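Each residue of the sequence shown is one higher than the last, beginning at 54 in this note's numbering.
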Amino acid sequence: MADDLYEVLGVSRDASDTEIKKAYRALARQHHPDIAGDDPVSRERFQAVSVAYEVLRDPTKRSRYDRYGSVEGPQGVPFADFGSGFSDIFEAFFGDRFGSAARPSAQGADAQMALSVTLEEAANGVKRSVNVTLATRCETCDGAGAEPGTTVKRCETCDGQGQVHQMRQSLLGQMVTTLPCPTCRGAGEIVENPCRQCGGEGRLDEERSLEVDVPAGIASGQRLRLAGRGPAGFRGGPPGDLYLSVSVAPDERFERDGDDLLHDLNVSMVQAALGTSVKVPSFDGDQELTLSAGTQPGTTRTLKGLGIPNLRTKRRGDLRVRVNVAVPTKLSAEETALLTEFAAMRGEAVNQKDPGLFSRFRGSRRDK
Numbered sequence: 054m055a056d057d058l059y060e061v062l063g064v065s066r067d068a069s070d071t072e073i074k075k076a077y078r079a080l081a082r083q084h085h086p087d088i089a090g091d092d093p094v095s096r097e098r099f100q101a102v103s104v105a106y107e108v109l110r111d112p113t114k115r116s117r118y119d120r121y122g123s124v125e126g127p128q129g130v131p132f133a134d135f136g137s138g139f140s141d142i143f144e145a146f147f148g149d150r151f152g153s154a155a156r157p158s159a160q161g162a163d164a165q166m167a168l169s170v171t172l173e174e175a176a177n178g179v180k181r182s183v184n185v186t187l188a189t190r191c192e193t194c195d196g197a198g199a200e201p202g203t204t205v206k207r208c209e210t211c212d213g214q215g216q217v218h219q220m221r222q223s224l225l226g227q228m229v230t231t232l233p234c235p236t237c238r239g240a241g242e243i244v245e246n247p248c249r250q251c252g253g254e255g256r257l258d259e260e261r262s263l264e265v266d267v268p269a270g271i272a273s274g275q276r277l278r279l280a281g282r283g284p285a286g287f288r289g290g291p292p293g294d295l296y297l298s299v300s301v302a303p304d305e306r307f308e309r310d311g312d313d314l315l316h317d318l319n320v321s322m323v324q325a326a327l328g329t330s331v332k333v334p335s336f337d338g339d340q341e342l343t344l345s346a347g348t349q350p351g352t353t354r355t356l357k358g359l360g361i362p363n364l365r366t367k368r369r370g371d372l373r374v375r376v377n378v379a380v381p382t383k384l385s386a387e388e389t390a391l392l393t394e395f396a397a398m399r400g401e402a403v404n405q406k407d408p409g410l411f412s413r414f415r416g417s418r419r420d421k
C-alpha cells in the first residue's frame with residue numbers, strides 16, 4: 054500500500070473534492086467488512102482509506118497534511134477521532150450498521166472464577182448462588198469519577214472521543230491503528246476534582262452474590278458467560294463479562310463418558326451363573342435390572358435415556374452397566390466341598406489340598 058494519502062485513494066495531489074469523494078466511495082465499497090468479510094488485508098486497507106478520506110476531505114486537515122507531509126502533524130501528535138462525518142458517509146452507503154462516531158465508553162475488563170458442581174448437578178442442572186468481589190459503579194459519583202457538584206472538562210488530546218488514530222508502517226504500507234487516548238485513558242474527559250470515595254475511578258470493589266443457572270449437561274472445562282455481570286468500566290463505562298470455569302466433581306457411583314454414564318455392577322459368580330435381579334442406581338432413582346443365567350464377566354447392559362442431557366440438543370445419553378463377577382477369595386470347608394463336587398460333576402480339574410476333605414464333607418451330609 055502507498056504511504057502517501059493521495060496514493061491511498063489513488064488520486065493526484067491537486068484532485069478536487071468531487072474526485073476524492075468518488076475515489077473514496079469506490080474503495081470503501083470494495084473493502085468494507087460487510088462486503089470483504091474478515092479478510093485482514095481488506096480490513097487494514099479499509100481503515101487506511103477511511104483515514105485518508107477524512108484528512109483530505111477537510112480543507113484544514115488537508116492543508117496541514119500538505120504542509121507537513123504527515124497525518125501526525127509537526128510534533129508527531131496523532132489526530133483524534135475524525136468526527137461525525139466519518140459515520141455519516143458510511144450511513145449513506147450502508148445504513149446504521151456501521152454505527153455512530155460517538156465516543157465509546159471504556160468497558161470493564163472480563164473476569165473469571167472457578168465453579169465446582171457435582172456430577173448429579175451437572176446432569177440435572179442447578180441454580181447456584183456465587184459470591185464474587187468485583188468492581189462496581191461508585192454510588193457517590195454515579196460512576197463519573199468526579200466529586201459531586203463539580204464538573205469535568207473535555208480531553209483536548211482526543212477531542213473528547215476517548216481514542217486516537219496513529220499511522221504505522223507495515224509490510225503492506227502505512228496502516229491505521231486506533232488506540233485508547235493516553236491522556237484520559239479512553240474516557241474522553243479529564244476529572245480535575247476526583248471523587249473522594251473512588252479516587253476518580255468511578256468504581257469500587259464490592260462483594261456481591263450472583264444467582265447462576267448451571268445448565269444440564271455441563272462438563273468440566275466448559276465456561277459459563279454472564280454477559281455484563283463482570284467488573285464495572287472506568288468512569289461509568291459498561292461492565293465486562295464474568296466467566297465461570299466449571300469443574301465437575303467425581304462421583305463414586307458413576308463414570309462419565311460424554312453423555313453416557315457408566316456404572317460397575319458387582320455380582321457373585323453364583324448370581325451370574327443362575328441369574329438374578331438387582332437394583333442399579335441412577336439420577337432418576339434406583340432401576341431394577343434382570344441378569345439372565347450365565348451372564349459373563351464384562352457384559353454391558355444399557356438402560357436407555359438414563360444418562361446426561363446433551364448441552365445443545367437436550368437429548369439424554371444412556372446408563373451403561375458393566376457386570377463384574379466377584380470370585381470369593383476365602384471359602385469355608387463346606388463351600389470348598391460343594392465347589393469341588395460341582396467341578397467333579399463337570400469333569401473339571403481343580404486344586405485340592407486335602408483329598409479327604411470332600412469325603413468327610415459327604416460323610417457328614419449322610420449322617421444328617
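Glycine included, C-beta positions come from ideal geometry on N, C-alpha and C. This one's a predicted model, so the numbers in the text were calculated from it and none came from an experiment.
query                                                                                                                                                                                            : result
Give every residue of the same chain whose Cβ lies closer than 7 Å to the Cβ of G360, excluding the five residues on either side of it in the sequence, and list them in chain order.            : D312, D313, L314, R369, G370, D371, L372
Would you mind giving the Cβ-Cβ distance between A285 and A199, rounded to the nearest angstrom? I have them listed as a contact below 8 Å.                                                      : 16 Å between Cβ atoms; not a contact.
Could you tell me which uninterrupted alpha helix (DSSP H) segments, each at least 4 residues in length, are contained entirely in the region 62-124, listed from first to last along the chain? : 70-84, 86-89, 93-109, 112-121
Apply the 10 Å Cβ neighbour rule to R66 and answer buried if 16 or more other Cβ atoms are within range, or exposed otherwise.                                                                   : exposed
Spell out a yes or no on whether the region 249-256 and the region 273-282 are touching, meaning 3 or more CB-CB pairs, one atom from each, closer than 8 Å.                                     : no
V170 and V333 look like a contact to me (Cβ under 8 Å); what is the Cβ gap, rounded to whole Å?                                                                                                  : Rounded, the Cβ-Cβ distance is 23 Å, inconsistent with contact.
Note down, one range per segment and in chain order, each beta strand (DSSP E) of at least 3 residues found wholly within the region 227-265.                                                    : none
Checking the sheet assignment: what are the DSSP bridge partners for N319?                                                                                                                       : N377
Can you tell me which of the three DSSP states L364 falls into?                                                                                                                                  : coil
Cutting at 8 Å between CB atoms, please list the residues of its own chain near V102, excluding the five before and the five after it.                                                           : V61, L62, Y77, L80, A81, H84
Run through the DSSP bridge pairs and tell me what Q219 is partnered with.                                                                                                                       : T230
According to DSSP, M166 sits in a beta bridge with which residue or residues?                                                                                                                    : L297
Take the Cβ of V403 as the centre, count every other Cβ of all protein chains shown within 10 Å, and call the residue buried at 16 or more, exposed below.                                       : exposed
Check each candidate in S262, D57, S321, G202 and name the one with the smallest Cα separation from P247.                                                                                        : G202
Taking all protein chains shown into account, do 16 or more other C-beta atoms lie within 10 angstroms of the C-beta of G215, making it buried, or fewer, making it exposed?                     : buried
How many angstroms separate the CA atom of E259 from the CA atom of Y296?                                                                                                                        : 18 Å
Write down the C-beta distance between F287 and A164 rounded to the nearest angstrom, noting that I regard them as a contact closer than 8 Å.                                                    : F287 to A164, Cβ: 15 Å. No contact.
Rank T352, F336, S330 by C-alpha distance to the C-alpha of L342 and give the top, closest one.                                                                                                  : S330
Please report the distance separating the alpha-carbon of D70 from that of R110.                                                                                                                 : 6 Å
Which two residues bound the contiguous beta strand (DSSP E) that contains E341?                                                                                                                 : 340-344
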